[in-house]
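**Q** Could you have a look at this structure, given as structure tokens, before my questions?
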Amino acid sequence: MVSYKELGLVNTREMFAKAVAGGYAIPAFNFNNMEQLQAIIQAAAETKSPVILQVSSGARKYANQTLLRYMAEGAVEYAKELGWEHPQICLHLDHGNSFELCKSCVDMGFSSVMIDASSLPYEENIALTKQVVDYAHQYDVTVEAELGVLAGVEDEVSAEESHYTRPEEVIDFATRTGCDSLAISIGTSHGAYKFKPEQCTRDPKTGRLVPPPLAFDVLHEIEKKLPGFPIVLHGSSSVPQEYVDIINEHGGKLPDAVGIPEEQLREASKSAVCKINIDSDSRLAMTAAVRKVFDEKPGEFDPRKYLGPARDEMKKLYMHKIVNVLGSDGKAL
Ligand code: G3H
Ligand code: 13P
Ligand code: ZN
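Read in order, the letters of the sequence shown are residues 3 to 335 in this note's numbering.
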């Protein structure tokens, strides 16, 4: 049993309370490799922003959970080396799907876990979430739960009203599970294709897809039911069109990729939404930078010559999200 406290990591309790009160959101960035982690820590250290490092099941399979945990431990020391005296870094399991997986993360030093039982019937979601909460809280590890179903990886069907979180359930769910934060469904979804073209309109000038707005009415109803309770938004990449263009100009093929407009994320950050999950945007930044090098310098074969620019581009992206979208800069001095 390793406690995250020995590793210099923090749970989400205090950072969420401050974010809800202060009207900003904490960035939750997924990482799978060293370059992503370096870029995240450099951006957080430079802006003095609290940050959540997320490890998904895909990341565990790709990079090994133990290795990722040691990388996060190293990240705390790296942050200090970069001049961030009091780093606030949380190591979080993203979309945990079983008690055993959540327990194994708690036991090995994660400071926060998500139990995503949102695809189960309501009572089963409550039972499994409560089981994880009861275990994790013994070690002061915070737990994120999910109510409602997002389109995309969790569901092949496109987002429609019936999948939104039902505000009438949130009090009962939060009270009976004891979860520390709640991921809700208000129209975001995972990946780079968040909306089908038929769900969007098209900007006549640019020809770009314009997605339907998020269901802010549902968010506000939930806020009224659970005043001050930390709310989480998954699937919140904005799919920057500059990256999509670079990728497509350099041999890629991402037709009609579309995300959540940043002004809507900015608005959400001012509410009880205090954690915003971003993964796809980092993948796009990395892919755009790598494709550009491969296309423009076909003789290049030193990985540092294409992963280096990819890391720089991701750092730029993370800093932009922190400073211009979530407003979490300067909140971890
Ligand atoms: O929620 C989905 C995240 O973007 C992680 O995706 O399982 O492919 O790493 P992944
Ligand atoms: P995106 O695919 O929009 O980046 O969402 C990531 C996410 O929700 C991770 O849990
Ligand atoms: Zn997610």
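In this text, a Cβ means the ideal position worked out from N, Cα and C, and glycines have one as well.
In angstroms, rounded to a whole number, what distance separates the CA positions of V135 and E48?
**A** 34 angstroms
**Q** Which residue or residues does DSSP assign as beta-bridge partners of T203?
**A** BP columns for T203 point to V212.
**Q** Inspect the CB distances between the region 36-51 and the region 309-318 and report whether three or more fall short of 8 angstroms.
**A** yes
**Q** Return the chain-ordered list of same chain residues with a C-beta closer than 7 angstroms to the C-beta of D96, the five sequence neighbours on each side being excluded.
**A** N32, Q56, V57, S58, M116
**Q** Mapping DSSP to helix, strand and coil, what is Y26?
**A** coil
**Q** In whole angstroms, what separates the C-alpha of E302 from that of A291?
**A** CA-CA distance, E302 to A291, rounds to 13 angstroms.
**Q** Going by other Cβ atoms of all chains shown within 10 Å of its Cβ, with 16 needed for buried, is T131 buried or exposed?
**A** buried
**Q** Compute the Euclidean distance between the alpha carbons of A74 and L93, then round it to the nearest angstrom.
**A** The alpha-carbon atoms of A74 and L93 are separated by roughly 7 angstroms.
**Q** Please state if the CB of I278 and the CB of A287 are separated by a distance shorter than 9 angstroms.
**A** At a Cβ-Cβ threshold of 9 angstroms, A287 and I278 do not count as neighbours.
**Q** Would I28 pass as a contact of L328 if the rule is Cβ separation under 9 angstroms?
**A** Yes.
**Q** Measure the C-alpha to C-alpha separation of P52 and S121 and round it to an integer number of angstroms.
**A** When rounded, the distance between both Cα atoms is 30 angstroms.
**Q** Who are V115's beta bridge partners in DSSP?
**A** L95, V145
**Q** I need the straight-line Cα distance from E162 to G189, nearest angstrom please.
**A** Note that E162 scores 49 on pLDDT, short of 50, meaning its location in the model is unreliable and no value can be drawn from it.
**Q** Kindly examine the ligand G3H and report whether one of its heavy atoms sits closer than 8 angstroms to the Cβ of H236.
**A** yes
**Q** Assuming C104 is part of the alpha helix (DSSP H), what are its boundary residues?
**A** 101-110
**Q** Can you find the residues in the same chain that come closer than 7 angstroms, C-beta to C-beta, to A65, ignoring five residues on each side of it along the sequence?
**A** N34, N35
**Q** With distances taken from CA atoms, which of E170, Q38, Y124, W86 is nearest G310?
**A** Q38
**Q** Note down, in chain order, each residue of its chain lying with its Cβ closer than 7 angstroms to the Cβ of Y227, except the 5 sequence neighbours on either side.
**A** A small correction: the amino acid at residue 227 is Lys; Tyr does not occupy that position in the sequence shown. Around K227: P169, V172, I173.
**Q** Helix or strand or just coil, what does DSSP make of Q140?
**A** For Q140, the secondary structure class from DSSP, reduced to helix, strand or coil, is coil.
**Q** What would DSSP say about E162, mapped onto helix, strand or coil?
**A** Only weak support exists for where E162 lies, its pLDDT of 49 falling under 50; the coordinates are left without a value.
**Q** Is any non-hydrogen atom of the ligand G3H found closer than 8 angstroms to the C-beta of S121, if you look at the structure I gave you?
**A** no
**Q** Measure the C-alpha to C-alpha separation of V159 and L152 and round it to an integer number of angstroms.
**A** Low confidence applies here, because V159 scores a pLDDT of 44, under 50, leaving its location unreliable and the question unanswered by this model.
**Q** Let me know the alpha helix (DSSP H) ranges lying completely inside the region 6-69, each 4 residues or longer, listed in chain order.
**A** 15-24, 36-49, 59-65
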